[in-house]
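Novice: Residue numbers (the working numbering), protein chains in the order written: chain A, 1 to 342; chain B, 343 to 684; chain C, 685 to 1294; chain D, 1295 to 1904.
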Amino acid sequence: MEATTLQCLYKPRDYASDQEVKWCPGCGDYAIISAVQKTFSELNLKKEDVTIVSGIGCSSRFPYYMNTYGFHTIHGRAAAVATGVKLANPDLSVWMMSGDGDSLAIGGNHFIHAVRRNININLILFNNEIYGLTKGQYSPTSERGKITKSSPYGTVESPFNVGELTLGSKGHFYARVPDTDVKLMTEVMKQAYLHEGFSVVEVLQNCVIFNDKTHADITSKETKLNNQILLEHGKPMLFGENNSKGLLLNGLDLEVVTIGENGISEEDILVHDASAKSNVLHNLLIQMKLPEFPIAMGVIRNADANVYDKAFFEQMENQEQLSKYKSLDDLFMSGNIFTINS
Amino acid sequence: MEATTLQCLYKPRDYASDQEVKWCPGCGDYAIISAVQKTFSELNLKKEDVTIVSGIGCSSRFPYYMNTYGFHTIHGRAAAVATGVKLANPDLSVWMMSGDGDSLAIGGNHFIHAVRRNININLILFNNEIYGLTKGQYSPTSERGKITKSSPYGTVESPFNVGELTLGSKGHFYARVPDTDVKLMTEVMKQAYLHEGFSVVEVLQNCVIFNDKTHADITSKETKLNNQILLEHGKPMLFGENNSKGLLLNGLDLEVVTIGENGISEEDILVHDASAKSNVLHNLLIQMKLPEFPIAMGVIRNADANVYDKAFFEQMENQEQLSKYKSLDDLFMSGNIFTINS
Amino acid sequence: MKTTLESVVIKFAGDSGDGMQLAGTLFTDTTAVMGNSIATFPDFPSEIRAPQGTVAGVSGFQIHFGTSGVHSPGDTPDILVAMNPAALKANLHNLKPACTILLDSDAFSKKTIEKAGFGNNPLEDDTLSDFKVIEAPITSLTKSALTDLGLDNKTADRCKNVFTLGIVFWLFSEPLEQTINFFKQKFKNNPTIAEANIKAIKAGYNYALTIEAIKSSFTVLPAKKVPGTYRNITGNQATAWGLMAAAQKAGKPLFLGSYPITPATDIMQELTKHKWTKTRVFQAEDEIAGICSTIGAAFAGNVAVTTTSGPGMALKTEAIGLAVMTELPIVIVNVQRGGPSTGLPTKTEQSDLMQAVWGRNGESPVVVISASTPADCFDWAFEATRIALEHMTPVILLTESYLGNGAEPWRIKSLKELPEIKPLMLETKDANWQPYKRDNEKLTRKWVVPGTPEMQHRIGGLEKDECTGCVSHNPQNHELMVKIRKEKIQRVANFIPEQRYKGKDAKKLLVVGWGGQFGILFGAVNELQKEGKDIAFTHFNYINPLPKNTAEIFSKFDKIIVCELNDGQFANYLRALLPQFKYEQYNKIQGLPFTVKELKNKFNQLLEEK
Amino acid sequence: MKTTLESVVIKFAGDSGDGMQLAGTLFTDTTAVMGNSIATFPDFPSEIRAPQGTVAGVSGFQIHFGTSGVHSPGDTPDILVAMNPAALKANLHNLKPACTILLDSDAFSKKTIEKAGFGNNPLEDDTLSDFKVIEAPITSLTKSALTDLGLDNKTADRCKNVFTLGIVFWLFSEPLEQTINFFKQKFKNNPTIAEANIKAIKAGYNYALTIEAIKSSFTVLPAKKVPGTYRNITGNQATAWGLMAAAQKAGKPLFLGSYPITPATDIMQELTKHKWTKTRVFQAEDEIAGICSTIGAAFAGNVAVTTTSGPGMALKTEAIGLAVMTELPIVIVNVQRGGPSTGLPTKTEQSDLMQAVWGRNGESPVVVISASTPADCFDWAFEATRIALEHMTPVILLTESYLGNGAEPWRIKSLKELPEIKPLMLETKDANWQPYKRDNEKLTRKWVVPGTPEMQHRIGGLEKDECTGCVSHNPQNHELMVKIRKEKIQRVANFIPEQRYKGKDAKKLLVVGWGGQFGILFGAVNELQKEGKDIAFTHFNYINPLPKNTAEIFSKFDKIIVCELNDGQFANYLRALLPQFKYEQYNKIQGLPFTVKELKNKFNQLLEEK
Ligand SMILES: Cc1ncc(C[n+]2csc(CCOP(=O)(O)OP(=O)(O)O)c2C)c(N)n1
Ligand SMILES: Cc1ncc(C[n+]2csc(CCOP(=O)(O)OP(=O)(O)O)c2C)c(N)n1
Ligand code: SF4
Ligand code: SF4
Ligand SMILES: [Mg+2]
Ligand SMILES: [Mg+2]
């Protein structure tokens, strides 16, 4: 984390391009772009070394607004394009910006495979639980029963939980943040950058036009203290006013307890270990739901594992050493060759 | 399970079509088709009420060999086609036959969405950890480092665990069976049929030609007693010779213990609850790996949940009641209409 | 016949305090600079201080502008901007059918609705069902857009009109520069206010762009109206209704497998409302699942449809091949938009024709038809379904953004007057039946669906034996099957009407059109015919196969000109199929429909040349 | 020039006890019934009881069969069946280059290998690198196939030859009936043995079908051999090597994003071996990820390629549009197979041409070229890469199963003799640079890749401003961009050689071919020219754009006939582009290449008609 203590090369706003930002006034995407710009600034990233890849959706317009290299691709394919970018030039810092529809509906396959391979790309997943750009149809993260343009009588499907899907796909970095907290987003994005491998940062993003306040129970000023728990590596899992509440393990279940009640003290509270190899507890934390539990925020899982691009290039270097050919001419002239004279 | 006690309508071989079975001699697929035929027979399924949908792959040739309705579709799309079949006629018993490539490589997106929606379809997933039909490239379930036609120096990616991916996609039925045990396969397939919702039955299938013995550590006669544990709902988790070993929970970790050692008796052993709403323990069982643990077999998860097609048609019936229109003519004549006279 | 696109009437209406006069004036200035002819009609409330929120207090500004034919401020607006319920109420009686209404949804509270004299909330009942309504929370959006500036509430509120103007500018693809300069000029001593106005107009413009707002076009009735009962209908709605009607006439449930995409989403959204008809709408995870579920539903006996637009169509390519091979009846609706790639999602174009006829691997023929007006989308959706079911084939129906979002009066059809559709279903065992055994006349196979006793069979994407349908690698069988699949499509021509044309006495120039430009092409030719020019017009709805008498018609003319919104795809297609004729082209690739003026110019030029 | 497909030599070789004579005889009987002319050469070991497993003990049976030109049992086999190492060893010195060898891999143990006199295991070293080897565990497969029958080991083992014969029948698409009847007849008193043989032959056939076994074809050298050093090469290998050579000449790493599919997989499998060249092979989760990763790699500065076949090509449709819009250099190789849909995965066809040129949404032009022989796949892969990089465009390279799996001698090229490729990369800031600013000559934009300081920019699939590359909804800009994209591709014609033809004095008939049927077409025309016929031949490798002098050549002839393995796609394409000519067609859609005989018949017929 050394980078953050150095003098910054650029101010956050230096990362903005000259293009006008075209999201609806009040859209959660504005906060996310601020956080990304702050993150880049604090990480001292060179503009030319960053490539931002997106699919299609409101959120996917993101690259246009950044003065880095950017690619607004086609719907659902950002992960695949980003994979090509990273394998073509592993020195680039590759970021992927994508919506819940883009990454989890049409792009679901590339998502699970990028996670599985653990390629070193940072995904910011703008989860507004709706298809914004196409004006309000339900998405694979829309809550069951939701009335939208394409579900006038309520949906009859249950949503994905982004964190569960990430872990089920063998994910090693998953974080959840509300779009209301630029500071937290920045902190988490920095960790995503520092994590080697595929990092999934789910942002609970508000779409003021087609799904306003869908996250309000979690993110609003009034409720957030009790309805969010910020997980920090190495720290006890406390939340609520004055951190008066905490989480305990009861068999295989989590339990919310109040400090001081029933003889519970801070020492009894679980301590967050984001780097645990086992994902069992991470999964339990990810699955916590209102009203019984607070919603887990912060970096929930951040574990080491084999990184695809690293292994890929290591194998390449090995082969450069081991190959019996030193040039294509060697190769072409190998095997059974014969000569024809005029 | 009443069906199984009745006189069977058809013998297993009555479900065979007149087409010659074209798998390689010794292929695990033969055992799977036997099990499916036995299952249908024991369930007393009418041939015309069964529709078998597959993608492309060796395993996907399956429908041709069955005297039911069948659809050999295109690579990776069986789940989507099967979904259409089920929604067009929910009375059909819809089975999907698919390989690890078909369902988890190109078909990954349809797989996770079918699981999430929990549509009442039974998937038999032939996991030979290889692309058989195209002659031996690695698949998303091939173990790391595996040398195949497309990975001459070993793969550099980690595989999916089918069960973890199923649970991460919100799955409610997951079973694992070896292709060496037709009886167990039959039993598990019957449970898959009886489960309402999307059932994933992963068969560890041997490809004699391109990935021979890849499951041998688990399935071979010599090793299976110690390397498999058959999980049965309501029964203790015992395995090994004379069921001398069992599983315990130690905090959030599983542990293998020997009955009679360190004061452990059968009563201490975990009892399998496939129907538990929480998937935490199921996930732990699914993740067990050799050599530390035996591989979990049988129906690991079988929990009730909202079923897509059921909810879909309930909503339809509701609308038939509630609609203010009784005919299309009503609809066409609603709103602002005006008359033009000649 | 003429379309509104030659000239347009916009009316800005709101409370006296809402700045409607300014909005109107600014818009006028810009359109004037863009070279339009203009007539305006400011219309103030008669009372000096009429009560806020009442109909009496509504202030309006009407602008009529266009490239030609603007001689008055216009009768009725094509677009009404209503800043509150009263403004809506005041203008509701005087709207063109199916016009676009842009509303500030923030202004619709219980109180204001009552004050305006509405019984119910007009946004929730049927009041606006015939119009294309764009509901935007203008007040709050404007506020959010200006938060940074630290303005007081009132000042921010005053910028609503400018925000709204931004939306209107987007709808007409007008540039903002002129207006921005005006603000800079006008408020040069108050840079904050200048900035507020500039921010507001940009925010409105970007908002419309972001939500892919589309205005509808409206076509007025042709001179000779068929007597009957009418309602207004958009092309997408007509498509949805035509599909429902066809399913009913075929006696099977309708199934739609689709994934949202502009400008096709409305068809899905319309159908999903009508679950009461047993219509099954499956919002799939992507376009591939959309069409694959459709193929599954067709296999299982539903009238199965998928809807999409260009990029989605591209994704469905492989699966269309499967439907060709398995000879299942499905309808694929492509509401075309500007391409290539993501292109211009909200603009109209006719550039997916080649993709429809030839864009698949292998020899993979399908029926391709197209609609020509918003209302006749009903008929062509019906016809697409009929052909699919009666010829056991995938059918691609091409419509366009211009049709899908356009509207016109539709003579309401009763189910009784629609023809029966006879699916080729076989429900009881026939001893001679084989899965690919064919009818001699149409070369169709029978539709035997799962659940039918004693006829279990298997189909798939591999080449199949000509009769049994079993997988076959036989070389001769493959050639035979390629020929049969082609001939089956060709024979559809025996079951469709002959091509007609207008201008029986003409010899010199034949204008050929297809798809959604019918109205404008018809209008242009009609005017020239009235002027006594030697010109005729024929419009194609059947693309593959072409009507059987096509060559016969073409042979009557000295010159043929093919007019389309692309770079010449139908012209190239005709060259391949009917190479004996020479085809001139008129093409426009601007995301916009033709204008009568440009067409007449081109036709006159060809008429004058030797 | 002639190809082996007119007649084929097969040799069955194994231990004396392996039943090779029977296998040979049975195959002969079947091919005779199928109407082939035949010559056979049984070749027994000279010693009566030569030691098992030694070269001396090898028994062989050679069959030469075909539609014409069979006057001897043939010199060297096109297909060698070797039941053990000794059989391989005995025949290794007398094989056609690149012929197919079918081996029983079970028979290759350390002991048998030594006995046969091999130093190392020939399956593991380079011994067989020039052949198309089908390794099948024949012994164990046969045993498994027969387990149900409860035969003793020895009897089951005896059926190996019949199992093997089943594989050979599949390779030649010969039917099994004849042989099955023979078994029924011969073993009518021993039904178990009859059944064993029938089971074995079917199992062998099905095994080959299941693993999609493909035999290679082999083209002999043209009469005038260019002096030089040669090696044999298959089309897929040549494609892979051509791509590697091109990347090296462009000075950039090669990237391949691909998903396995018959018959294209070999290209990927070849490239993945050569990681030492810094080639990056990404085996993607599907074809869409294959091409999308390729587009990403092109954006980031690699020489980026994706390989596939028909159904995979269909899936890549949408992404090709993105590459068109973003004007990135990528190469898309389509090794065509029989369609539509899954079709005939192991058979050859040329039916993806329309898809390549026109199969996308919107006006979406790309360069399309094709290879004509296995060896020249090297050159065309190189040329595809050159055009992509020097013209900043996606290029589709069409090859075919017949080329990909076919082999011929290749005059080895050294890197030195290959031309430089000059990517249009800009690496240091140029003040006038804009992302879509173009070169006046070629209309190309510059390739500025991430990592380059001070030139950050954004690209995407929306329509873009003609110079800045920013998103633009401007109608005129869109039309301009459609024209520019088309013109850019047209101008490639200024940088390719003129079309050539053979038969300068001919006037009557021009034979037009494209793609992998070059050799056979050339052969047929050559023979007719020698017979003094008024015929010429021109073969197209550049499809879009066509060489500039195409019309000029066409205009020299009375008749033009377009010959292709599809239903007339290139002919239709030519009609659309050069409608001034009349095109006859010769088409074959059987998954098989042309034969010289059928071509000559057709040409003679046209030459005789007025
Ligand atoms: C192939 C294709 N299918 C569909 C679309 C239409 N489309 C564009 S964005 C989008 C969904 C957007 O939702 P999400 O990814 O959640 O982004 P948001 O707009 O909510 O930020 C859809 C369906 C498209 N552009 N391309
Ligand atoms: C669109 C498409 N891509 C690729 C292929 C080639 N292909 C056919 S089957 C297959 C993979 C088979 O693997 P799996 O699903 O595991 O089945 P198995 O043969 O192992 O049973 C591939 C890549 C195809 N037929 N279609
Ligand atoms: S529609 Fe929703 S997600 Fe899209 S820009 Fe507007 S507020 Fe944001
Ligand atoms: S290749 Fe493998 S999976 Fe396919 S049929 Fe043969 S043994 Fe079975
Ligand atoms: Mg979204
Ligand atoms: Mg497999």
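We put the beta carbon where it would ideally sit given N, CA and C, even for glycine.
Treat the numbers as computed from the prediction; the structure is a model and nothing was measured.
1) Starting from the C-beta of SER385/A, find all residues in its chain whose C-beta is less than 6 Å away, skip the five residues before and the five after it, and write them out in chain order.
2) Tell me whether PHE1831/D, by its Cβ, gets closer than 7 Å to a heavy atom of ligand 4.
3) May I ask you to list the residues that DSSP assigns as paired with TRP1808/D?
4) In chain order, what residues of the stretch 1750-1777 of chain D put their CB closer than 8 Å to some CB of chain A?
5) PRO1521/D to ILE1273/C, Cα distance in whole Å?
6) Starting from ARG915/C and walking both ways along the beta strand (DSSP E), at which residues does that stretch end?
7) For the beta strand (DSSP E) containing MET439/B, name the first residue and the last one.
8) Would GLY1411/D and SER1353/D be called neighbours here (beta carbons separated by less than 8 Å)?
9) Measuring only the C-alpha atoms, how far is THR1600/D from TYR1696/D?
10) Name the chain F residues whose beta carbon is nearer than 9 Å to that of ILE1555/D?
11) What are the start and end residues of the alpha helix (DSSP H) that includes ILE1173/C?
12) Compute the minimum distance between the beta carbon of THR561/B and the heavy atoms of ligand 4, and state whether it is under 7 Å.
13) Using 7 Å as the cut-off, classify the Cβ of ILE682/B as near or not near the heavy atoms of ligand 3, replying yes or no.
14) Ordered along the chain, which non-local residues of its own chain (more than five positions away) have a Cβ less than 8 Å from that of ILE1245/C?
15) GLY108/A touches chain C at which residues, Cβ-Cβ below 7 Å?
16) Distance, Cα to Cα, GLY136/A vs PRO944/C?
17) Using a C-beta to C-beta distance shorter than 7 Å, which residues of chain D count as neighbours of ALA1260/C?
18) If you follow the alpha helix (DSSP H) that CYS1061/C is in, where does it begin and where does it stop?
19) Pop quiz: THR410/B and THR393/B are said to be a contact at Cβ under 8 Å. What is the actual Cβ separation, rounded to whole angstroms?
20) What three-state label does DSSP hand LEU1622/D in the structure shown?
21) Since GLY55/A and VAL115/A should fall inside the 8 Å C-beta cutoff, what is the C-beta to C-beta distance between them, to a whole number of angstroms?
22) With hydrogens ignored, establish whether the beta-carbon of GLY132/A is closer than 7 Å to any heavy atom of ligand 5.
23) Give the residues of chain A in contact with TYR914/C, contact being defined as C-beta atoms less than 7 Å apart.
24) Looking at the structure shown, is GLU1292/C part of a helix, part of a strand, or coil, going by DSSP?
25) DSSP state of PHE173/A, grouped into three classes?
26) Is ILE286/A near ligand 3 - that is, is its Cβ less than 7 Å away from at least one heavy atom of it?
27) Could you tell me the alpha carbon to alpha carbon distance between GLY441/B and SER103/A, rounded to whole angstroms?
28) Can ASN1628/D and ILE1706/D be called in contact, C-beta distance under 8 Å?
Specialist: With the structure as the only source:
1) Lying outside 1 to 342, the shown extent of chain A, residue 385/A is not represented and no answer is given.
2) Here residue 1831/D is taken as the residue at index 537 of the fourth sequence, counted from 1. Annotation for PHE1831/D indicates a beta carbon at 7 Å or more from all heavy atoms of ligand 4.
3) What you label residue 1808/D is simply residue 514 of the fourth sequence in a count that begins at 1. Answer by DSSP bridge pairing, in chain order: PHE1834/D.
4) Answer in chain order: GLN1750, HIS1751, ARG1752, ILE1753, GLY1754, GLY1755, LEU1756, CYS1764 and VAL1765.
5) Residue 1521/D sits at position 227 when you count from the first residue of the fourth sequence. Residue 1273/C sits at position 589 when you count from the first residue of the third sequence. Rounded to whole angstroms, the separation of the alpha carbons of ILE1273/C and PRO1521/D is 54 Å.
6) Position 231 of the third sequence, counted from the first residue, corresponds to residue 915/C. That run of the beta strand (DSSP E) goes 912-918.
7) Sequence index remark: in the second sequence, residue 439/B carries index 97 (1-based). Per DSSP, MET439/B belongs to the beta strand (DSSP E) from 435-441.
8) Residue numbering aside, residue 1411/D sits at position 117 when the fourth sequence is read from its first letter. Residue numbering aside, residue 1353/D sits at position 59 when the fourth sequence is read from its first letter. GLY1411/D places its beta carbon 8 Å or farther from that of SER1353/D.
9) Along the fourth sequence, read from residue 1 onward, the residue named residue 1600/D stands at position 306. Along the fourth sequence, read from residue 1 onward, the residue named residue 1696/D stands at position 402. Using only the alpha carbons, I get a separation of about 20 Å.
10) In the structure shown, chain F cannot be found, because the protein chains are A, B, C and D.
11) Numbered from 1 along the third sequence, position 489 holds the residue referred to as residue 1173/C. Note, ILE1173/C: alpha helix (DSSP H), 1159-1174.
12) Position 219 of the second sequence, counted from the first residue, corresponds to residue 561/B. Outside the cutoff, so no.
13) One-based indexing of the second sequence puts residue 682/B at position 340. Distances between the C-beta of ILE682/B and the heavy atoms of ligand 3 are all 7 Å or more.
14) In the third sequence, residue 1245/C corresponds to position 561, counting from 1. Taken in chain order, the residues that qualify are LEU1193, LEU1194, VAL1195, VAL1196, TYR1267, GLU1268, GLN1269, TYR1270, LYS1286, PHE1287 and LEU1290.
15) For the purposes of this step, residue 108/A is taken as the residue at position 108 of the first sequence. What GLY108/A touches in chain C: GLU969.
16) The sequence position of residue 136/A within the first sequence is 136, counting from 1. The sequence position of residue 944/C within the third sequence is 260, counting from 1. Their backbone Cα atoms lie some 10 Å apart in a straight line.
17) Sequence index remark: in the third sequence, residue 1260/C carries index 576 (1-based). Near ALA1260/C (Cβ distances below 7 Å), the residues of chain D are ASN1866, ARG1869 and ALA1870.
18) By 1-based counting over the third sequence, the position of residue 1061/C is 377. Note, CYS1061/C: alpha helix (DSSP H), 1061-1075.
19) By 1-based counting over the second sequence, the position of residue 410/B is 68. By 1-based counting over the second sequence, the position of residue 393/B is 51. Sure, about 7 Å apart at Cβ, within 8 Å.
20) On the fourth sequence, position 328 is the one that residue 1622/D refers to. It is coil, neither helix nor strand.
21) As a working mapping, residue 55/A is identified with position 55 in the first sequence. As a working mapping, residue 115/A is identified with position 115 in the first sequence. Actually they are not in contact, since the Cβ atoms of GLY55/A and VAL115/A sit about 16 Å apart, beyond 8 Å.
22) If you number the first sequence from 1, residue 132/A lands on position 132. GLY132/A Cβ: within cutoff of ligand 5.
23) Start at 1 with the first residue of the third sequence, and residue 914/C comes out as number 230. The premise fails here: TYR914/C is roughly 26 Å from chain A at the closest Cβ pair, so nothing lies under 7 Å.
24) As a first step, residue 1292/C must be located in the third sequence, where it is residue number 608. Helix.
25) Locating residue 173/A in the first sequence gives position 173, where the first residue counts as 1. Looking at PHE173/A - three-state DSSP - the assignment turns out to be strand.
26) Residue 286/A sits at position 286 when you count from the first residue of the first sequence. No, ligand 3 has no heavy atom inside 7 Å of this Cβ.
27) Within the second sequence, residue 441/B is the residue found at index 99, counting from 1. Within the first sequence, residue 103/A is the residue found at index 103, counting from 1. Within the model, the alpha-carbon separation for GLY441/B versus SER103/A is close to 24 Å.
28) Against the fourth sequence, residue 1628/D aligns to sequence position 334. Against the fourth sequence, residue 1706/D aligns to sequence position 412. No, they are not a contact pair.
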